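The opening residue of the sequence shown carries number 1 in UniProt numbering; numbering runs sequentially from there. Read the structure below first, then the notes.
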Amino acid sequence: MKPARLCAAILAILVPLVLLTGCWSRVEINDRAFVSSIFVDKGQGGKVRLTLGMPLPSRLVPGQVGSSQGGNPYATVSKEAPNLAEAVRLIQADLSRDLVWGLTRVVVMSDAYAKEGIVPLLEFLSRLPGFQFKTYMFMVEGDTKQLAKMPPVFERFPSEVMREFGNRRITMDTTFRDFSIGYYNGGDMVVGILKTEMKRLVSEKNKPGLWAGTDGAAVFHNNRMIGTLSTKEARGVQWMADKVNNAVITFPSPTDEKPISVVVLNSKTRVRPRIEKDGIVFQVHIYVQDELMSSDSDIPVMEPANIERLQTRMSEEVKTRIMRAFEKSRRLNSDIFRFAEYMKVYEPKTWNAVKGNWHETYRTKVRLDIQVESRIKRPGETKRSLKSEPKDVG
Numbered sequence: 001m002k003p004a005r006l007c008a009a010i011l012a013i014l015v016p017l018v019l020l021t022g023c024w025s026r027v028e029i030n031d032r033a034f035v036s037s038i039f040v041d042k043g044q045g046g047k048v049r050l051t052l053g054m055p056l057p058s059r060l061v062p063g064q065v066g067s068s069q070g071g072n073p074y075a076t077v078s079k080e081a082p083n084l085a086e087a088v089r090l091i092q093a094d095l096s097r098d099l100v101w102g103l104t105r106v107v108v109m110s111d112a113y114a115k116e117g118i119v120p121l122l123e124f125l126s127r128l129p130g131f132q133f134k135t136y137m138f139m140v141e142g143d144t145k146q147l148a149k150m151p152p153v154f155e156r157f158p159s160e161v162m163r164e165f166g167n168r169r170i171t172m173d174t175t176f177r178d179f180s181i182g183y184y185n186g187g188d189m190v191v192g193i194l195k196t197e198m199k200r201l202v203s204e205k206n207k208p209g210l211w212a213g214t215d216g217a218a219v220f221h222n223n224r225m226i227g228t229l230s231t232k233e234a235r236g237v238q239w240m241a242d243k244v245n246n247a248v249i250t251f252p253s254p255t256d257e258k259p260i261s262v263v264v265l266n267s268k269t270r271v272r273p274r275i276e277k278d279g280i281v282f283q284v285h286i287y288v289q290d291e292l293m294s295s296d297s298d299i300p301v302m303e304p305a306n307i308e309r310l311q312t313r314m315s316e317e318v319k320t321r322i323m324r325a326f327e328k329s330r331r332l333n334s335d336i337f338r339f340a341e342y343m344k345v346y347e348p349k350t351w352n353a354v355k356g357n358w359h360e361t362y363r364t365k366v367r368l369d370i371q372v373e374s375r376i377k378r379p380g381e382t383k384r385s386l387k388s389e390p391k392d393v394g
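Here it is as structure tokens:
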């Protein structure tokens with residue numbers, strides 16, 4: 001056999017062998033405990049309480065929701081310690097499996113812990129082996145312990161419920177990556193707030209159970225929680241971040257002030273800084289496509305002139321939400337819109353001049369010039385509200 005053919009034959013044999021994969025770890029999968037959620041609270045006497053949520057493989061049946069043995073398919077373990085690393089050590093000492101962090105979906109902190117400062121938490125998460133930057137982070141007012149044990153009505157685990165809040169952008173979809181970036185920009189950040197309440201759950205045979213929802217957002221400065229935003233103000237932040245999906249906007253009709261609701265089909269936000277003598281103006285252009293969802297007004301929505309009036313009202317509502325969030329962020333002195341990032345990219349010379357005193361500049365010399373272009377693409381089949389249609393009384 002010629003040398004060239006011999007080499008080709010050897011390569012043909014060796015290349016497939018290289019592509020074959022072996023076991024990525026010497027630890028068997030049935031010796032691992034996969035952490036799906038992390039809950040952090042302020043403990044007693046300066047300590048911190050860490051709660052980990054984990055699925056129970058022995059109670060999971062493929063293709064089924066819930067447990068094959070009548071119990072919850074997940075468990076939580078809590079420990080208090082002087083720091084998070086020590087709390088992990090105490091938890092690991094009580095488990096028969098090794099903790100694995102690569103499948104963690106959410107991190108939830110209490111407001112009491114967030115007010116003290118979250119640098120220890122960020123430091124802890126950054127050193128966990130396999131911990132993902134895309135993990136969602138939330139805050140809850142009060143204790144996180146009850147949230148960790150809520151019954152997951154539509155999902156298998158509580159962590160999946162909270163992750164869907166972020167995936168669907170029902171609240172701020174802030175991730176560990178966002179916090180890591182914010183850490184190097186004055187610790188300014190905004191994170192979604194989860195709220196809990198007791199309700200009678202049909203899925204639990206009408207027994208009282210804990211129900212989780214969303215409730216605005218928390219504002220951070222210097223990596224500490226310093227204030228909150230209402231739900232509408234939090235939506236204003238989402239508009240600026242170009243993270244509004246299938247949102248429903250309700251505003252008063254221009255004819256009789258009765259409520260009209262539209263659903264956002266898609267949107268696009270563009271932000272650019274403009275340097276002026278007396279400050280910095282951020283030009284914001286938002287393009288929105290909407291669909292008319294409901295109307296309690298008697299306005300004829302099929303007339304072009306009325307469509308334009310509705311579009312104007314819709315644009316005003318979006319602008320109002322953004323401005324309310326902006327004004328509150330200036331009072332709290334927190335650059336939650338990340339305008340500093342735009343300055344670094346588009347105005348590097350000016351940024352070098354103001355970065356040493358950016359927060360004072362943001363509070364006193366930054367303004368917004370907002371233009372919202374709203375287009376109602378689908379007004380619906382009904383020309384006017386059914387409430388205004390004449391009734392046939394026969």
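Note that beta-carbon positions come from the ideal geometry of N, C-alpha and C, so glycine has one too. Note that the structure is a prediction, hence the values are computed from the model and not measured.
Considering only the beta carbon of each residue, do residue i and residue j sit closer than 8 Å?
i           : j           : result
residue 297 : residue 336 : no
residue 108 : residue 194 : yes
residue 239 : residue 324 : no
residue 81  : residue 47  : yes
residue 299 : residue 329 : no
residue 248 : residue 237 : no
residue 171 : residue 214 : yes
residue 267 : residue 287 : yes
residue 97  : residue 31  : yes
What residue range does the beta strand (DSSP E) around residue i cover?
i           : result
residue 92  : Unbroken run through residue 92 is the alpha helix (DSSP H), 84–93; no beta strand (DSSP E).
residue 363 : Taken as a continuous stretch (DSSP letters only), residue 363 belongs to no beta strand (DSSP E), being part of the alpha helix (DSSP H) at 358–365.
residue 32  : 32–34
residue 350 : No beta strand (DSSP E) holds residue 350; the alpha helix (DSSP H) holding it covers 348–354.
residue 274 : 259–276
residue 279 : 279–295
residue 53  : 48–55
residue 251 : 248–252
residue 139 : 136–140
residue 78  : 74–81
residue 133 : Element bounds for residue 133: n/a, residue is neither H nor E.
Please report the distance separating the alpha-carbon of residue i from that of residue j.
i           : j           : result
residue 67  : residue 84  : Note on residue 67: pLDDT 43, under 50, position unreliable in the model; the coordinate value appears next. Approximately 31 Å between the Cα atoms of the pair.
residue 224 : residue 110 : 12 Å
residue 309 : residue 292 : 13 Å
residue 340 : residue 76  : 40 Å
residue 174 : residue 234 : 12 Å
residue 65  : residue 245 : At residue 65 the pLDDT is 48, less than 50, meaning the model places this residue with poor confidence and gives no usable figure here.
residue 349 : residue 355 : 10 Å
residue 149 : residue 290 : 38 Å
residue 136 : residue 157 : 15 Å
residue 54  : residue 360 : 44 Å
residue 332 : residue 364 : 12 Å
residue 345 : residue 192 : 27 Å
residue 167 : residue 182 : 21 Å
residue 282 : residue 334 : 16 Å
residue 139 : residue 369 : 31 Å
residue 105 : residue 242 : 23 Å
residue 189 : residue 162 : 19 Å
residue 37  : residue 57  : 16 Å
residue 392 : residue 164 : Note that residue 392 has pLDDT 48, beneath the 50 cutoff, so the model's placement of it is unreliable and the number below is only indicative. If I take the Cα positions, the gap works out to 46 Å.
residue 304 : residue 250 : 20 Å
residue 197 : residue 212 : 7 Å
residue 122 : residue 72  : 30 Å
residue 376 : residue 265 : 9 Å
residue 78  : residue 91  : 7 Å
residue 358 : residue 338 : 11 Å
What are the boundary residues of the alpha helix (DSSP H) that residue i is part of?
i           : result
residue 236 : 231–240
residue 165 : 158–167
residue 181 : 176–183
residue 329 : 304–332
residue 42  : Segment 37–42 is the beta strand (DSSP E) holding residue 42; no alpha helix (DSSP H) there.
residue 147 : 145–148
Candidates the options: which alpha carbon is nearest residue i's?
i           : options               : result
residue 51  : 40, 57 and 45         : 40
residue 372 : 285, 165 and 328      : 285
residue 274 : 55, 120 and 351       : 351
residue 74  : 90, 33 and 214        : 33
residue 35  : 100, 45 and 295       : 100
residue 176 : 132, 258, 215 and 3   : 132
residue 378 : 95, 294 and 164       : 294
residue 179 : 169, 142, 159 and 117 : 117
residue 113 : 366, 49, 217 and 128  : 49
residue 367 : 141, 279 and 127      : 279
residue 276 : 142, 347 and 95       : 347
In chain order, which alpha helix (DSSP H) runs of at least 4 residues are fully inside the stretch 99–126?
Runs of the alpha helix (DSSP H) inside the stretch 99–126: 111–116 and 119–126.
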